[in-house]
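Below you'll find the structure, written out as structure tokens, and then a few comments.
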Amino acid sequence: MSGPLTGPPVTVKMNISTLVLVFAVVVGISSTFVSPLIAALAGATSKFAETDLESCDAFLTESLPEGLVYPSSAPSFISTAFAWDMLLYNAQENVSIASFYWSMLREDVYNSSSAYQGENIFQKLLTKSGNINVNIVTSGPRGSNNDLDRLIAAGAKVEYLDVAKLLSAGVQHAKLWAVDNSHGYLGSANMDWRSLTQVKEIGVLLRFCQTLATDLAKIIGAFDYVARSDIDFPINWSPEYTTIYNRSNPMRLMMNGIPAEVYISMSPPPLSPTGREDDLETILHVIDSASSFIYVSVMAFQPLIQSYTGKPHKYWPVLANALVKASMENNVEVRILISKWDHTPLRQRQYMESLRALNGANGARIRIRFFVVPSLTSEQRSIPFARVNHSKYMVTDKTLYIGTSNWSGDYFKFSGGAGLVINGEGDAVGPNKEKPLRRQLEEAFLRDWNSMFTDDL
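Numbering (this note's numbering), first residue to last: 627 to 1083.
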């Protein structure tokens, strides 16, 4: 069994559906998550042997809060829990994780049976910590944390990145995994059991993607280096952390059998190694490059640099202006899906209303809706900081962008974040008729936009 899952995907001989079913039995995953993975992985190991481009298998991942159900005909994706389970199963030498915080156990937050997926992942990570190299960088300053204390005791190495100490504000907010320089994850899901069963998340699972996973590991390594070093600005980066891949020189890969141009962006600028594309500049370029539509799904979108020290917030219309400009000048349709939950500030609606007011001005097409995750039981209503769409992505007619930051200036100026960009897939299909990731993300957005879970602004 170890051959097909740990070697290059081209060596897999068994039927992929059989492979996944056997995998599920071995690692003890519920059958609830098997069918979506089979659908997503169908044909994943078929490659164009004649191409010189490196192959990479990549899959959209999603966490759907319990009780949030779409019609059976709606697009579906492998679960975040399944993706993380697969990463841990594949890990042979090292696991590197960049995280915001840790709450993987029910005792950390709220005693709910829905914590079982987080606890399952945590137990497997605990086991790995005693057998292979597990390196974690999380937001500082260091404090007592039940999960991290147990992982350290088991053998994991943990560094605490105190961004606020370095930059006067900010946190380490990126959510990244890199495994054996071959596999990885980038997305909105925190290391929190609620991110698996009570919060809606979007990410990307990477399998057998050596160049891309290695580049992802460099970002985690850069955060780790800053966390454990006495640094001066500007940082003198060693080649261990720098990259040659960016917007000017993207990786050229076969993503699921489809040629694509790929790179990873990063924030904040003072902590970004040489060669790394800035996350904000990346988003602005994706917006400016769109020809037909721009769809944005993000938990919070505010034209502010928020202050957490009692000082006044600063007005920051950079992203809002870019979207309005694209719609007015390039005749691009803009749709924005914002989260509404117990912690949505009143000003969020006010900002979105001001943006929507420009719909129709000089031909602008700007539509905005709220996404509401319903709480169907008393327990769901009682779980703190849950029942919300936490996604942070944008998809246009040309580009996929999946990030880890909310859309306000303080995130891009001060907080650790990252974004995956995939261009150039066009309307191509894979060797087994699989759709390009950009198209899949577009369909995910439209599923949500047209669902019963949205409210017009």
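Just so you know, even glycine gets a beta-carbon here, dropped at the ideal spot from N, CA and C. Model, not experiment: these values are computed from the prediction.
Look at the alpha carbon of T823 and the alpha carbon of A815, and state the distance between them as a whole number of angstroms. 11 Å
In chain order, which continuous runs of the beta strand (DSSP E) of length 3 or greater are located wholly inside the segment 685-725? 720-725
Specify, as a first and last residue, the run of the alpha helix (DSSP H) that M1078 falls within. It is not in any alpha helix (DSSP H) - M1078 carries neither H nor E in the DSSP assignment.
Beta carbon of V998, beta carbon of F1079: below 8 Å? yes
When burial is assigned at 16 or more other CB atoms within 10 Å of the CB, is G1052 buried or exposed? exposed
Among all the DSSP beta bridges, which residues are the ones paired with A848? Looking at the DSSP assignment, A848 forms no beta bridge with any residue, so it has no partner.
Where DSSP assigns a beta bridge to P885, which residues make up the other side? M880
To the nearest angstrom, report how far apart K940 and S1041 are at their CA atoms. 16 Å
Inside the segment 889-965 only - alpha helix (DSSP H) runs reaching at least 4 residues: 905-915, 944-956
Work out the CA separation of S681 and P971 for me, nearest whole Å. 44 Å
Cross-strand partners of S738 (DSSP beta bridge): BP columns for S738 are empty, so no partner.
Applying the 10 Å Cβ sphere with the 16-neighbour rule, what's the burial state of E1060? buried
For T869, the three-state DSSP class (helix, strand or coil): coil
Can you have a look at D1081 and say buried or exposed, based on whether 16 or more other CB atoms are within 10 angstroms of its CB? exposed
Cα-Cα separation between S855 and H809, rounded to whole angstroms: 27 Å
Identify every residue that forms a DSSP beta bridge with I994. I962
Given 8 Å as the limit, is there contact between the segment 857-870 and the segment 701-720, that is, 3 or more CB pairs closer than that? no
Runs of alpha helix (DSSP H) wholly within the segment 978-1026 (minimum 4 residues, chain order): 1004-1008
Alpha-carbon to alpha-carbon, I1009 and A741: 11 Å
Comparing C-alpha positions only, which one of G1056, A684, R1013 sits nearest to T837? A684
Out of curiosity, what's the CA-to-CA distance linking W803 and E1005? 31 Å
Taking 8 Å as the cut-off, decide whether the C-beta atoms of T1030 and A1012 are in contact. no
F919 versus R776: straight-line alpha-carbon distance, rounded: 47 Å
Just tell me which of L963, S980, L1063 has its CA closest to the CA of P943. S980
Please classify K937 as buried or exposed, where buried requires at least 16 other C-beta atoms within 10 Å of its C-beta. exposed
Keeping to the same chain, check which residues put their C-beta closer than 7 Å to that of I778; ignore five residues upstream and five downstream. V784
Taking L686 as the reference, which of S1034, S738, L1026 has the closest Cα? L1026
Thinking W728 and N771 are a contact (beta carbons under 8 Å), I'd like their distance in whole angstroms, please. 6 Å
Entirely enclosed beta strand (DSSP E) segments - the segment 748-824, minimum 3 residues: 759-765, 783-787, 802-805, 809-813
Pairwise C-alpha distance: Y1019 and L667: In this prediction, L667 has a pLDDT of 47, which is less than 50 and means its spatial position is unreliable; nothing more can be read from the coordinates.
Quick one: is V805 buried, meaning 16 or more other Cβ sit within 10 Å of its Cβ, or exposed? buried
How do the segment 716-726 and the segment 758-765 stand: do at least 3 beta-carbon pairs fall below 8 Å, yes or no? yes
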